[in-house]
Amino acid sequence: MSHDPPAIELKSIYKAFGSIQANKDISITVAAGSIHGIVGENGAGKSTLMSILYGFYKADQGEIYVKGKQILIRDSQSAISFGIGMVFQHFKLVENFTVLENIILGSEKGYLLTPALNQTRTALYDLGKDYELNVDLDAEIKDLSVGLQQRVEILKVLYRGADILILDEPTGVLTPTETEQLFRILRRLRNEGKTIILITHKLREIMEITDQVSVMRRGEMVGHLNTPDTTPEELAEMMVGRKVIHNISKSPASPKGTVLQVENLNVVDDLGVERVKGISFSVCAGEVLGIAGVAGNGQSELLEVLGGMRNGTGVVQVSDQQLDLSGPKATGKWRRNFGIAHVPEDRQREGLVMEYFAWENVAFGYHRDARYQKNPFTMDNSAIRKDAVGKMGRFDVRPRNPWLRAKNFSGGNQQKIVVAREFERKPNLLLVGQPTRGIDIGAVEFVHRQIIALRDQGTAILLVSVELSEILSLADRIAVMFDGRIMGERLPEQTDERELSLLMTGIIEQGHDPAI
Amino acid sequence: MQQLPPWADAILIPIFSLLLAASLSACAILAIGENPMAAARLMVEGAVGSTYAWGYTLYYATNFIFTGLAVAVAFHARLFNIGGEGQAMLGGLAVALICLLIPWPHWILAFIFAAIAAMAFGAIWAAIPAILQAKRGSHVVITTILFNFIAAGFLNYVLVNLLRPASSMDPASARFPETTQLPTLHDLLALLNISFSKAAPANVSFLVALLACVLVWHLIWRTRLGYEIRAFGHSETGAVYAGISPFKVIMISMLVSGGLAGLMAINNVMGEAERLTLNATEGAGFIGIAVALMGRSHPFGVVLAAILFGALYQGGAELALWTSIPRELIIVIQALVILFIGALDNMIRMPLAHIYSAFRHS
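Going down the list, the sequences are from chains Z and A.
Residues 1 to 516 (my numbering) make up the first sequence, in order.
Residues 517 to 878 (my numbering) make up the second sequence, in order.
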C-alpha cells in the first residue's frame with residue numbers, strides 16, 4: 001500500500017430513476033494499486049454506480065475524485081481521459097475484425113490506417129509483454145475463445161491509457177481455468193500499479209482476488225471490509241441482510257424407474273452446425289441429473305430439443321412413450337401433454353412474455369388447460385387470476401400483484417413466477433436450464449429448495465447449469481458436456497470442481513462409460 | 517424513463533398530437549392567406565354540424581373501422597399488414613360478383629353473402645403474403661405492398677374486360693340491382709322515429725363495423741387464440757417455448773386481418789357506390805394504419821380514431837368546397853396527424869411523462 005491519494009473517491013453519490021432510488025448516499029474509496037471488489041445482489045445498484053463513474057449516467061448529486069482531484073465526468077470519453085476504463089460483461093468487439101483492428105477502433109490517428117496499425121502493434125507488443133496478455137494480434141475475433149476475447153477487451157482499455165479498470169461480472173462467461181488465468185492477469189496488473197474495480201456476485205472470487213471489498217444492498221453501501229479480515233458467510237449476510245444457508249440440505253436421492261431415456265441424440269442448428277453429437281443418457285424418477293459444461297457446448301440445444309423448441313434426431317422416451325423430435329408433434333404443447341415441464345434458460349425471452357401481466361404468465365404454455373377455459377371460445381381469465389394469486393403466495397413472488405407486468409418484477413421474482421407455473425403441476429420430467437442465472441441469493445436458495453422438494457416427490461429432473469457449485473450441490477449424478485458430447489459422468493461426492501472443469505474443457509475424457 | 521399511466525397514454529397523447537398537428541396546419545393555412553379559425557369552424561361544421569355531415573363522417577369512419585381493425589389485429593401478432601388497400605379491392609370484387617351474378621330476393625340475404633364473400637376474398641389476398649412470411653420469411657410489409665399493386669392491376673383488368681357493360685366507357689361495373697341496396701342510417705333511424713339526412717351514405721354497415729369491433733376485442737383479449745396471437749407478437753421465442761405454432765398464428769392473424777379489410781367493401785361498394793369502380797377504396801387501406809396506430813391497436817380506440825379521421829375527411833371535403841384551400845391541404849393535415857401519432861410519439865410522450873411525474877411528486 002502506498003501513500004498516494006486514492007485512485008477513486010466517491011462522496012455521497014445519489015441517483016434516482018423516477019421514483020426508484022438506485023444509489024443512495026454512496027461513498028467509496030478505492031486505494032491506488034489495489035483490487036477492490038463490489039458485491040451485491042441483482043438490483044443493488046452496483047452497475048448504476050459504475051455507470052456513473054464511466055460517464056453513462058450523471059449522478060443527481062455527489063462528488064467524484066480521481067487521484068485526489070475532483071472531476072466532472074460528462075461521458076465515457078471524458079472518463080477515458082481521466083484514465084478510467086471499463087470491461088463490459090458483454091464484449092463490444094467487431095466479430096470479423098482482427099484483434100489489432102478492434103483495439104485501434106475509435107482511436108485511429110490520422111486517416112491512413114497502416115501507420116496507425118504498425119504503431120499500435122508495437123505498443124501492444126510491449127503491453128502484452130508487461131502484463132502477460134498474450135493474444136495473436138492478427139487473429140479474427142470470431143476465432144477466439146471467450147477468455148481470449150476478454151483479454152482483447154482488457155488490452156483495448158489498457159491501450160487507451162487506463163490505469164483504473166472496472167470489470168463488470170468478468171467471470172460469468174469463463175471456464176474455471178480461464179477464470180484462473182484472468183485472475184493471474186489481474187494480479188499482475190495490480191502489481192504493475194493499476195487499480196482494479198471488480199463487480200461480481202461470486203463471493204468465492206471476492207475472497208480469492210480482492211484486497212478490499214464493498215458491499216451494496218438496495219442502493220446503499222452497507223460496508224467496506226479488508227478481504228483478509230472477512231469470510232464469505234459474513235459478506236453474504238451483509239448482502240442479503242440475514243444469514244443464508246449456502247449448502248442446501250438434501251437427503252440422498254431414492255431413484256425409481258427410468259423416466260427419461262435418451263439414445264443417440266443429434267441436433268443440427270439453423271446454420272447447419274452439429275451442436276449435439278449422438279449423446280445418450282437417462283434420468284430416473286426422484287433424481288437430479290446435472291449437466292455441467294461451459295455455455296455453448298450443446299446443453300442449450302439439448303434442453304430445447306427435449307422441450308420441443310427445436311428439431312433433432314435420435315430416440316427419446318419419456319415414461320416409455322416415444323417423443324417426436326421433428327414434425328407437428330415436436331412442440332412444447334405436446335411435451336406438456338407428456339407431463340414434461342420446462343424452466344427455460346432465458347426467462348425473459350422464453351419463459352415469460354415480459355409485456356404480459358403476471359397472471360397471464362401463470363397460464364403461459366398451459367393456456368389450453370381445461371380449467372382455464374370458460375367455453376370453447378372464451379378463456380376463464382378470473383380462474384387464471386385466482387390460480388395466479390395462489391401460486392404467487394405459495395412461491396413468495398413479490399410484490400404479490402397479478403396485475404403487474406412480468407417486466408416490472410425483479411429477476412428473482414420473475415424466475416419464481418416461472419418456477420411456480422412449472423413446478424406446481426407435479427410433472428413427470430422437469431427440464432431446468434440455468435435456474436438461478438442473474439438472481440439474488442435469497443431467490444437462489446428458494447429455487448434450489450423447490451428443485452429438491454420436487455425431486456423428493458418423484459419427479460425426474462434434468463438440470464443444466466454453467467454454475468459448477470449449483471450442479472455440485474443439487475445433482476445426484478453429474479454428466480459433463482463438451483463440444484456436443486458427454487465427456488463423462490461423475491458422482492458429486494466423488495469429484496470436485498477441478499476435475500469437472502478439466503472435463504468441461506475437453507482436456508480429459510472419461511474412457512469407460514459408467515452405467516448411465 | 518418515467519411512465520405514464522394507461523389512461524394518459526390513451527387519451528392525453530392523442531389529444532396533444534392532434535393539437536400540435538392542428539397548430540401546424542393553422543400555420544399552413546395562414547401561409548396561403550386564409551383564416552385558420554374560419555377554416556376550423558367550417559371543418560367542424562362540415563364534419564359534425566348536421567345529420568348530413570354526420571352521415572358522411574360515419575360513412576368514412578365505417579371504412580376506417582374495418583381497415584383499422586385489420587391493421588390492429590395483425591399488429592397484435594407484430595405483423596404489419598400494409599395490404600389493406602388491396603384486400604379491400606378484392607373484397608369489392610367479391611361484393612360486385614355476388615350482387616351482379618345472383619338475383620337476390622331481399623337485401624338481407626345479399627348482404628350476408630356479400631359480407632362472407634368479401635371477407636373470403638380479402639382473406640385469400642392476405643393469405644399469400646402470410647404463407648410467404650410464415651414459410652419463407654419474406655417480409656409481410658414488402659409482400660402486402662406489392663399485393664396492393666397486383667390487386668389494382670387485377671381489378672383494372674376485370675373491370676375493363678369483364679364487368680364493364682358493353683355500352684359504357686367507364687371502367688366500372690354495372691349498377692347493382694335494387695334488391696341489393698342497403699338501408700341507410702336514415703332508413704334505420706326512421707324505424708325509431710329519429711330523423712336523419714336522406715342524402716348521406718352512412719348505412720347498416722356501420723353497425724356491422726361496431727359488431728366487428730366487439731368480436732375483435734373478444735378475439736384478442738378473451739380467447740385462447742388471442743392469447744397466442746399476443747404472446748407471439750410480444751415474443752416469438754416465448755411462443756415457441758409455450759408450444760404456440762408461429763405458422764398458425766401468422767396465418768390466422770393475417771387471414772382475420774385480410775378478411776376485415778375485405779369486409780370494408782360492404783360499406784363503400786355495396787352501401788354507397790352500388791357498383792364497383794376502379795378507385796372504390798380511396799386509400800382507406802392506408803388510413804387504417806394511422807387509425808390503428810392512433811387507436812393503440814385497441815378496437816375501441818380504433819372506433820374513436822376512425823370517427824376522427826372520418827371527420828377530417830368529411831370536414832376536408834367541405835373545406836375544399838367552400839374555400840380556396842385545396843383538398844390537398846387536408847391530406848397535409850392528415851399526414852401531420854399520422855406523423856405526430858406514429859413517428860413522433862416519443863416527442864410528445866417524454867415531456868408529458870416529465871410533467872406528469874413532476875405533478876405527482878409535488
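Using N, Cα and C, we set each Cβ at its ideal position, and we do this for glycine too.
All values derive from a computational prediction rather than experimental measurement.
With 16 other Cβ atoms within 10 Å as the buried cut-off, status of residue 866 of chain A
The sequence position of residue 866 of chain A within the second sequence is 350, counting from 1. Exposed, since its Cβ has fewer than 16 Cβ neighbours within 10 Å.
Secondary structure of residue 501 of chain Z, DSSP reduced to three states
The residue given as residue 501 of chain Z occupies position 501 in the first sequence. If DSSP states are grouped into helix, strand and coil, residue 501 of chain Z belongs with the helices.
Assign residue 720 of chain A to one of three DSSP states: helix, strand, or coil.
Start at 1 with the first residue of the second sequence, and residue 720 of chain A comes out as number 204. Coil.
Three-way DSSP call (helix, strand, coil) for residue 290 of chain Z in this model
Here the question's residue 290 of chain Z lines up with position 290 in the first sequence. Three-state DSSP puts residue 290 of chain Z in a strand.
Would you say residue 757 of chain A lies against chain B (beta-carbon separation less than 8 Å)?
Among the protein chains of the structure shown, namely Z and A, there is no chain B.
Identify which residue in A:855, A:602, A:838 and A:869 has its Cα closest to the Cα of residue 938 of chain A.
With chain A running from 517 to 878 in the structure shown, residue 938 of chain A is simply not present.
So, is the C-beta of residue 349 of chain Z closer than 8 Å to a C-beta in chain A?
Position 349 of the first sequence, counted from the start, is the residue given in the question as residue 349 of chain Z. With 8 Å as the cut-off, residue 349 of chain Z counts as an interface residue toward chain A.
Close Cβ partners of residue 431 of chain Z (< 6 Å) along its chain, the five nearest in sequence each way excluded
Here residue 431 of chain Z corresponds to residue number 431 of the first sequence, with the count starting at 1. Counting only Cβ-Cβ distances below 6 Å, and skipping sequence neighbours, we find 303, 306, 307, 342 and 462.
Neighbour flag for residue 238 of chain Z against chain A, beta carbons, 8 Å
For the purposes of this step, residue 238 of chain Z is taken as residue 238 along the first sequence, with counting starting at 1. Not an interface residue.
Please confirm if residue 16 of chain Z has its CB atom under 8 Å from at least one CB of chain A.
Position 16 of the first sequence, counting from 1, holds the residue named residue 16 of chain Z. No - not a single Cβ of chain A is within 8 Å of the one on residue 16 of chain Z.
Length-filtered (4 minimum) alpha helix (DSSP H) runs lying within the stretch 762-813 of chain A
762-779 and 800-810
Checking 8 Å against the spacing of the C-beta atoms, do residue 285 of chain Z and residue 329 of chain Z come in under that value?
Against the first sequence, residue 285 of chain Z aligns to sequence position 285. Against the first sequence, residue 329 of chain Z aligns to sequence position 329. In this structure, residue 329 of chain Z does not lie closer than 8 Å to residue 285 of chain Z by Cβ.
Helix, strand or coil at residue 373 of chain Z according to DSSP, with G and I counted as helix:
Looking up residue 373 of chain Z in the first sequence gives position 373. It is a strand residue.
Which residues does DSSP pair with residue 756 of chain A in a beta bridge?
Numbered from its first residue, the second sequence carries residue 756 of chain A at position 240. Answer by DSSP bridge pairing: none, since residue 756 of chain A is not bridged.
Which two residues bound the contiguous beta strand (DSSP E) that contains residue 168 of chain Z?
Working through the first sequence from its first residue, we reach residue 168 of chain Z at position 168. That run of the beta strand (DSSP E) goes 164-168.
What are the residues in the stretch 576-602 of chain A lying within 9 Å of chain Z by C-beta distance?
none
Mark residue 231 of chain Z as exposed unless 16 or more other C-beta atoms lie within 10 angstroms of its C-beta, in which case mark it buried.
Walking along the first sequence from the start, residue 231 of chain Z turns up at place 231. Classification of residue 231 of chain Z: exposed, given that the 10 Å Cβ count is below 16.
Which residue or residues does DSSP assign as beta-bridge partners of residue 433 of chain Z?
By one-based count along the first sequence, residue 433 of chain Z stands at place 433. Partner(s): Z:464.
Using the Cα positions of residue 535 of chain A and residue 417 of chain Z, report the straight-line distance between them to the nearest angstrom.
As a working mapping, residue 535 of chain A is identified with position 19 in the second sequence. As a working mapping, residue 417 of chain Z is identified with position 417 in the first sequence. Whole-angstrom Cα-Cα distance: 43 Å.
Strictly below 7 Å CB to CB, what residues from chain A border residue 344 of chain Z?
Within the first sequence, residue 344 of chain Z is the residue found at index 344, counting from 1. Result: 757.
Got a sec: is the Cβ-Cβ distance from residue 523 of chain Z to anything in chain A below 8 Å?
What is shown of chain Z runs 1 to 516, which leaves residue 523 of chain Z out entirely.
Please tell me whether residue 747 of chain A has its Cβ less than 8 Å away from any Cβ of chain Z.
The sequence position of residue 747 of chain A within the second sequence is 231, counting from 1. Yes - at least one Cβ of chain Z is within 8 Å of the one on residue 747 of chain A.
Should residue 413 of chain Z be labelled buried (16 or more other beta-carbon atoms within 10 Å of its own) or exposed?
The count along the first sequence starts at 1 and reaches residue 413 of chain Z at position 413. Looking at its Cβ environment, which holds 16 or more other Cβ atoms inside 10 Å, residue 413 of chain Z is buried.
The stretch 284-310 of chain Z: positions lying closer than 8 Å to chain A by Cβ
307, 308 and 309
Would you grab the beta carbon distance between residue 633 of chain A and residue 611 of chain A for me? Rounded to a whole angstrom, and I think it's under 8 Å.
Within the second sequence, the letter at position 117 stands for residue 633 of chain A. Within the second sequence, the letter at position 95 stands for residue 611 of chain A. That belief holds up - the Cβ atoms of residue 633 of chain A and residue 611 of chain A are roughly 7 Å apart, short of 8 Å.
Rounded to whole angstroms, what is the Cα-Cα separation between residue 357 of chain Z and residue 386 of chain Z?
Walking along the first sequence from the start, residue 357 of chain Z turns up at place 357. Walking along the first sequence from the start, residue 386 of chain Z turns up at place 386. Roughly 13 Å between the two C-alpha positions.
Tell me residue 274 of chain Z's beta-bridge partners as DSSP assigns them.
Numbered from its first residue, the first sequence carries residue 274 of chain Z at position 274. For residue 274 of chain Z, which the question treats as bridged, DSSP gives the partners Z:268.
Residue 99 of chain Z, DSSP secondary structure in three states:
The sequence position of residue 99 of chain Z within the first sequence is 99, counting from 1. Correct three-state label for residue 99 of chain Z: helix.
Residue burial classification, residue 729 of chain A (beta-carbon count within 10 angstroms, cutoff 16)
Numbered from its first residue, the second sequence carries residue 729 of chain A at position 213. Its Cβ being crowded by 16 or more others within 10 Å, residue 729 of chain A is buried.
Residue(s) in a DSSP beta bridge with residue 477 of chain Z
Reading the first sequence from its first residue, position 477 is the one you call residue 477 of chain Z. Z:289.
Below 8 Å on the Cβ atoms is my guess for residue 704 of chain A versus residue 720 of chain A; work out the distance and round it to an integer in Å.
Position 188 of the second sequence, counting from 1, holds the residue named residue 704 of chain A. Position 204 of the second sequence, counting from 1, holds the residue named residue 720 of chain A. Confirmed, about 6 Å.
What number of angstroms, rounded off, separates the C-alpha of residue 428 of chain Z from the C-alpha of residue 450 of chain Z?
In the first sequence, the residue the question calls residue 428 of chain Z occupies position 428. In the first sequence, the residue the question calls residue 450 of chain Z occupies position 450. Going by the C-alpha atoms only, they are around 15 Å apart.
Taking Cβ positions, are residue 67 of chain Z and residue 116 of chain Z nearer each other than 8 Å?
Translated into the one-based positions of the first sequence, residue 67 of chain Z becomes position 67. Translated into the one-based positions of the first sequence, residue 116 of chain Z becomes position 116. No, the Cβ-Cβ distance between residue 67 of chain Z and residue 116 of chain Z is not below 8 Å.
Distance between residue 408 of chain Z and residue 381 of chain Z (C-alpha atoms, nearest Å)
For the purposes of this step, residue 381 of chain Z is taken as the residue at position 381 of the first sequence. For the purposes of this step, residue 408 of chain Z is taken as the residue at position 408 of the first sequence. The straight-line gap from Cα to Cα measures roughly 21 Å.
Check whether the Cβ of residue 673 of chain A lies closer than 8 Å to any Cβ atom in chain Z.
Taking the second sequence and counting its residues from 1, the one referred to as residue 673 of chain A is at position 157. False, the Cβ-Cβ gap to chain Z never drops below 8 Å.
Check for me: the beta strand (DSSP E) holding residue 62 of chain Z runs from which residue to which?
Position 62 of the first sequence, counted from the start, is the residue given in the question as residue 62 of chain Z. Its beta strand (DSSP E) spans residues 61-66.
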